[in-house]
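Here this note's numbering is used: the first residue of the sequence shown is 96, the next is one more, and so on. Ideal Cβ positions, reconstructed from N, Cα and C, are used throughout, including at glycine. Here the structure comes first, spelled out in C-alpha cells, and everything after it is commentary.
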Amino acid sequence: MISLQRRQLVGHDILLARHGNHICSMRVDRGNGRVVALLDDGSVDSAPNLISPELRLPETIRSVLLEDRKFFGAVAGVSVVLGGLFFAAYAGLAGSMGSDAEVAELMVAFSAYTY
C-alpha cells in the first residue's frame, strides 16, 4: 500500500551530525538538491539530499499527480462527457413529456407529497 508522506531531507541529518549546535540556519537548495547551513563562525556548509541517486523515495501527492496526470485527465474528460450525455438525456426527456400544463400539474401534485 502506498503511503503518501512528506519526504525527509537527508541533508538536514548530515549537517546536524557534522556541526550539531553550531548551525544558525538551514535552507533547501532545490535546484541543486542540497541543504545549505550557515554556521556560528559565518562559514557555510552543504550536504546532498539523496544518499544514492538510485534510491527510490516514498511517494508524495505531487509525485503521484505528476506521474498519473494523463490518467486523471482521461477520467475527468470521461466524467464531463458522461455528465453532458446525462444532462442531454434529461433535457430530452423533460421536453418530450407533453404540454406545459401537464408538466406543471405533475410538478404541483408531486410537491404536495414532499412535505
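1) Ile-109: which of Phe-181, Asp-140, Glu-197 sits nearest, CA to CA?
2) Given a threshold of 16 other Cβ atoms within 10 Å of its Cβ, counted over all protein chains shown, does Gly-178 qualify as buried or as exposed?
3) Can you tell me whether Ala-142 is buried or exposed, with buried defined as 16 or more other CB within 10 angstroms of its CB?
4) State the DSSP-derived secondary structure class of Asp-136, mapped to helix, strand or coil.
5) Can you tell me the Cα-Cα spacing of Ala-169 and Glu-162, whole angstroms?
6) How would you label Ala-132, buried or exposed, when you count the other beta carbons within 10 angstroms and need 16 or more for buried?
7) Buried or exposed: where does Asn-116 fall if 16 or more other Cβ atoms within 10 Å of its Cβ makes it buried?
8) With DSSP run on the structure shown, which of helix, strand or coil describes Arg-122?
9) So which of Asp-136, Gly-106, Ala-184, Ala-112 has the shortest CA-CA distance to Asp-124?
10) Considering only residues of the same chain and omitting the five flanking positions on each side of Tyr-185, which have a CB-CB separation below 7 Å?
Reading it off the structure:
1) Checking every option, the nearest Cα to that of Ile-109 belongs to Asp-140.
2) Exposed is the call here.
3) Looking at its Cβ environment, which holds 16 or more other Cβ atoms inside 10 Å, Ala-142 is buried.
4) Coil at Asp-136, not helix or strand.
5) Rounded to whole angstroms, Ala-169 to Glu-162 spans 13 Å at the Cα level.
6) Result: buried.
7) Taking all protein chains in view, the Cβ of Asn-116 is surrounded by fewer than 16 other Cβ atoms within 10 Å, so the residue is classified as exposed.
8) Arg-122 falls in the strand class under three-state DSSP.
9) Distance from the Cα of Asp-124 is smallest, within the candidate group Asp-136, Gly-106, Ala-184, Ala-112, for Gly-106.
10) Hits under 7 Å: none found.
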